[in-house]
Amino acid sequence: MLSWAVRLLAMIAVLIATLPSGGALAQNDEVKITLFHDTHLHGNLWTPDGLTFGHFTGVVQQARSSLPKPENSLFVGNGDDVATSVASSIFRGEHVVDAFNAAKLDANTFGNHDFDLGPDRLRELVKLAKYPYVSANVRDAQSGDVFAADLGVRRFLIKDVAGVKVGLTGLAPHETPSLSSPGPTVRFLEPADAMREVVPQLRAGGAQIVVLLSHLCGDETERVAQQVNGIDVAVGDHCADVLRQPKVVNGTIVSRRGDELKLVGQLDLTVRGGKIAGHEYRPHAVTPQSPVDPVVNPVVERYRSRLNDELSQPVGVTTVPLVVNRNAMRTGEAAVGNLVADAMRATAQTDLALQNGGGLRGETTYGPGPLKRSDVVSILPFPNYVTVLRLTGADVRAALEHGVSRVEVGEGRFPQVSGLSFTFDPLAPSGARVRSVTVNGRPIDPAAKYTLATFDFLANGGDGYDVLKRAEVVLPASAGPLQANVVMDYIAKQGTVSPAIEGRIRSTATAPPAPATAGPATGAAPPAGASAGSPATPTGPTSGSSATPAGPSAGPAGTLPRGGSPVAPLDLVTVAGLVLLLLGVGLRRTRF
132 MLSWAVRLLA MIAVLIATLP SGGALAQNDE VKITLFHDTH LHGNLWTPDG LTFGHFTGVV
192 QQARSSLPKP ENSLFVGNGD DVATSVASSI FRGEHVVDAF NAAKLDANTF GNHDFDLGPD
252 RLRELVKLAK YPYVSANVRD AQSGDVFAAD LGVRRFLIKD VAGVKVGLTG LAPHETPSLS
312 SPGPTVRFLE PADAMREVVP QLRAGGAQIV VLLSHLCGDE TERVAQQVNG IDVAVGDHCA
372 DVLRQPKVVN GTIVSRRGDE LKLVGQLDLT VRGGKIAGHE YRPHAVTPQS PVDPVVNPVV
432 ERYRSRLNDE LSQPVGVTTV PLVVNRNAMR TGEAAVGNLV ADAMRATAQT DLALQNGGGL
492 RGETTYGPGP LKRSDVVSIL PFPNYVTVLR LTGADVRAAL EHGVSRVEVG EGRFPQVSGL
552 SFTFDPLAPS GARVRSVTVN GRPIDPAAKY TLATFDFLAN GGDGYDVLKR AEVVLPASAG
612 PLQANVVMDY IAKQGTVSPA IEGRIRSTAT APPAPATAGP ATGAAPPAGA SAGSPATPTG
672 PTSGSSATPA GPSAGPAGTL PRGGSPVAPL DLVTVAGLVL LLLGVGLRRT RF
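Going by the numbering used here, the sequence shown opens with residue 132, and the numbers climb by one from there.
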């Protein structure tokens with residue numbers, strides 16, 4: 132009996148000795164690991180259409196709770212989070228970090244816009260974060276170590292998930308110094324070079340699965356995956372691209388879910404013997420009816436309430452009545468259009484600026500007197516990003532021809548301009564109405580190249596501006612500033628503004644054309660189906676688009692004209708915009 136017991140104990144000892152140690156997987160064990168990705172919020176914890184980050188994390192929590200083992204999942208970000216909204220200009224990114232802390236984010240990395248507030252402020256935000264930051268290519272210029280290493284930022288992080296060692300690292304755009312404000316103390320390594328350095332370090336540290344939190348555009352992420360072996364998964368995108376299903380490039384599963392709050396990406400990985408044996412992707416739409424995270428949403432609402440108070444603060448003073456009139460902005464030069472276009476041109480330091488009349492809202496008169504932040508948001512309620520294009524003088528003229536092609540019905544495509552002046556004949560056939568265009572007092576050169584500040588909706592061909600869609604992109608909207616912030620900063624820098632009608636746009640008609648009865652009446656809301664120029668709708672309606680062109684042709688970019696036209700009644704769009712404002716419309720803030 133005793134010998135039998137001894138043999139049994141010996142067998143048990145052998146079994147124990149052969150068990151995997153430290154929680155590691157046995158060679159043939161299979162587990163499921165889920166990645167919920169990503170963030171890329173641009174400082175927006177809420178949107179004009181009723182989404183909040185509380186809805187976003189509510190969807191994450193709902194999907195996570197449906198997993199057989201919710202603990203076998205990670206929620207990861209991909210940067211561009213602390214800027215570029217109006218809220219970011221007020222709270223300087225703290226609102227996003229607080230929300231991410233409440234959401235218990237597992238890891239994040241840096242995007243270009245995270246440096247919009249400067250490296251010192253980003254260090255302060257890293258210190259506030261209760262989640263880790265990782266980056267392979269953002270380095271301290273002096274030490275060569277990862278940026279903010281003294282505050283806990285690491286080149287990579289290894290997490291144990293279901294016995295699998297999951298390595299996490301991140302990449303920011305190499306061109307961040309030209310897109311944001313990291314200053315001379317921060318270096319951005321070429322992404323592939325950085326990953327060739329960090330992937331072996333991850334493997335040496337025990338990582339079985341390597342996950343890249345990418346803030347590169349999709350084609351560049353795929354190029355890095357092609358050039359660098361050993362990256363198992365890459366999630367995230369700089370250019371807000373959406374893949375319906377992941378791509379596999381050189382063994383790397385590449386998943387992109389866009390940006391901001393509309394989609395949550397769920398990537399389920401089947402891991403066998405420490406290697407990925409399969410994957411499944413499930414995108415989750417986020418809507419105002421989505422479940423609300425009871426922990427995160429109170430944080431969101433607290434900052435929304437604080438923003439409402441902040442928006443009531445003055446940003447500057449107008450010495451003249453600043454008239455926002457639908458008919459005036461869609462049929463001729465408008466002082467408010469000049470103000471907005473001048474602000475874009477001065478900020479972007481371009482030759483010209485173009486804005487469409489349909490993007491200016493608010494149907495009211497401001498001043499003379501203080502201009503509040505909320506006034507600017509009411510005039511520019513759409514989340515439009517300024518972009519810079521380069522095009523020929525002939526293409527500039529073609530854009531103006533398109534802009535005046537429907538002036539008789541008061542469509543929103545009508546151009547407001549800065550840096551040029553033009554004359555048109557509203558009675559001539561469409562496509563042959565522009566009589567002259569001058570830049571700095573001289574006729575525009577059809578063959579010369581000009582830089583043009585506009586915004587993403589028009590640059591993508593919105594309001595029918597196909598000629599802009601074909602132009603060379605000097606600065607993409609993904610790196611450009613939020614239009615409302617551009618105007619607020621411009622007014623604040625001037626202190627006092629006096630926009631006027633200066634003769635930038637002249638009609639040869641003896642009287643301004645009246646909108647046809649089929650067109651929208653003064654003070655009316657856009658026609659049904661009109662998107663009001665959402666930049667996500669490049670083929671959006673010709674009326675009610677989100678851009679508003681204006682600007683001086685001969686004066687310096689810092690000069691703000693003034694003037695006015697008759698005041699029209701408050702329209703429904705204005706009321707809707709003000710309601711959204713009171714709800715704390717989150718708009719993005721970026722800088723060149």
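Quick reminder that beta carbons are idealized off the backbone N, C-alpha and C, glycines included.
Residue range of the unbroken beta strand (DSSP E) whose run includes residue i
{"i": "GLY500", "result": "500–503"}
{"i": "ALA397", "result": "Inspection of the sequence shows that residue 397 is occupied by Gln rather than by Ala. Residues 394–403."}
{"i": "PRO445", "result": "445–449"}
{"i": "ARG413", "result": "406–416"}
{"i": "ARG270", "result": "269–271"}
{"i": "TYR497", "result": "495–497"}
{"i": "LYS290", "result": "288–292"}
{"i": "ARG254", "result": "ARG254 -> not in any beta strand (DSSP E); alpha helix (DSSP H) instead, spanning 250–259."}
Straight-line gap, residue i to residue j (C-alpha atoms, nearest Å)
{"i": "GLN273", "j": "ARG318", "result": "9 Å"}
{"i": "PRO199", "j": "THR183", "result": "27 Å"}
{"i": "VAL395", "j": "PHE167", "result": "7 Å"}
{"i": "ARG537", "j": "PHE545", "result": "8 Å"}
{"i": "SER443", "j": "HIS415", "result": "36 Å"}
{"i": "VAL402", "j": "GLU603", "result": "45 Å"}
{"i": "ALA610", "j": "GLU321", "result": "18 Å"}
{"i": "PHE555", "j": "ILE510", "result": "26 Å"}
{"i": "GLN480", "j": "THR450", "result": "25 Å"}
{"i": "SER436", "j": "ALA218", "result": "11 Å"}
{"i": "SER204", "j": "MET326", "result": "24 Å"}
{"i": "GLY361", "j": "GLY382", "result": "8 Å"}
{"i": "LEU253", "j": "VAL364", "result": "27 Å"}
{"i": "ALA584", "j": "ARG637", "result": "22 Å"}
{"i": "VAL162", "j": "ARG285", "result": "27 Å"}
{"i": "PRO692", "j": "GLN625", "result": "Low per-residue confidence applies at PRO692: pLDDT is 29, beneath 50, and the placement is therefore not dependable, though the value from the model is reported in the following sentence. Going by the C-alpha atoms only, they are around 12 Å apart."}
{"i": "SER309", "j": "ARG461", "result": "35 Å"}
{"i": "PRO304", "j": "VAL265", "result": "14 Å"}
{"i": "LYS261", "j": "THR240", "result": "13 Å"}
{"i": "ARG388", "j": "ALA529", "result": "36 Å"}
{"i": "GLY275", "j": "THR495", "result": "55 Å"}
{"i": "ALA356", "j": "LEU606", "result": "25 Å"}
{"i": "ASN515", "j": "ALA590", "result": "11 Å"}
Secondary structure of residue i, DSSP reduced to three states
{"i": "ARG223", "result": "coil"}
{"i": "ASP372", "result": "coil"}
{"i": "LYS235", "result": "coil"}
{"i": "ASN487", "result": "strand"}
{"i": "THR481", "result": "coil"}
{"i": "PHE586", "result": "strand"}
{"i": "PRO574", "result": "strand"}
{"i": "PHE553", "result": "strand"}
{"i": "ARG601", "result": "coil"}
{"i": "PHE184", "result": "helix"}
{"i": "ALA365", "result": "strand"}
{"i": "THR383", "result": "strand"}
{"i": "GLY349", "result": "helix"}
{"i": "LEU198", "result": "coil"}
{"i": "LYS378", "result": "strand"}
{"i": "SER204", "result": "strand"}
Residue environment, residue i, which counts as buried when at least 16 other CB atoms sit within 10 Å
{"i": "GLY349", "result": "buried"}
{"i": "LEU558", "result": "exposed"}
{"i": "THR582", "result": "buried"}
{"i": "LEU236", "result": "buried"}
{"i": "SER567", "result": "exposed"}
{"i": "ASP245", "result": "buried"}
{"i": "PRO419", "result": "exposed"}
{"i": "LEU347", "result": "buried"}
{"i": "LYS393", "result": "buried"}
{"i": "VAL570", "result": "buried"}
Residue i: first and last residue of the uninterrupted alpha helix (DSSP H) it sits in
{"i": "SER309", "result": "307–310"}
{"i": "SER638", "result": "Segment 636–638 is the beta strand (DSSP E) holding SER638; no alpha helix (DSSP H) there."}
{"i": "VAL431", "result": "427–442"}
{"i": "HIS533", "result": "524–534"}
{"i": "GLU328", "result": "322–335"}
{"i": "VAL618", "result": "614–625"}
Chain D within 8 Å of residue i, Cβ atoms only
{"i": "ALA608", "result": "Within the model displayed, chain D is absent; a lone protein chain is all it includes."}
- Message: Does the contact criterion of 3 or more C-beta pairs under 8 Å hold for the region 578–597 versus the region 482–493?
- Response: Result yes; three or more Cβ-Cβ pairs closer than 8 Å.
- Message: Tell me whether the region 330–339 and the region 284–300 touch, counting them as touching only if at least three CB pairs, one residue from each stretch, are closer than 8 Å.
- Response: Yes, the region 330–339 is in contact with the region 284–300.
- Item | contact_flag[the region 421–439, the region 169–189] where n(CB pairs < 8 Å) is 3 or more | Remark: three or more beta-carbon pairs, one from each stretch, lie closer than 8 Å, so the region 421–439 and the region 169–189 are flagged as touching.
- Could you tell me whether the region 163–177 touches the region 206–216, where touching means 3 or more Cβ pairs closer than 8 Å? Contact between the region 163–177 and the region 206–216 is present: three or more C-beta pairs spanning the two stretches fall below 8 Å.
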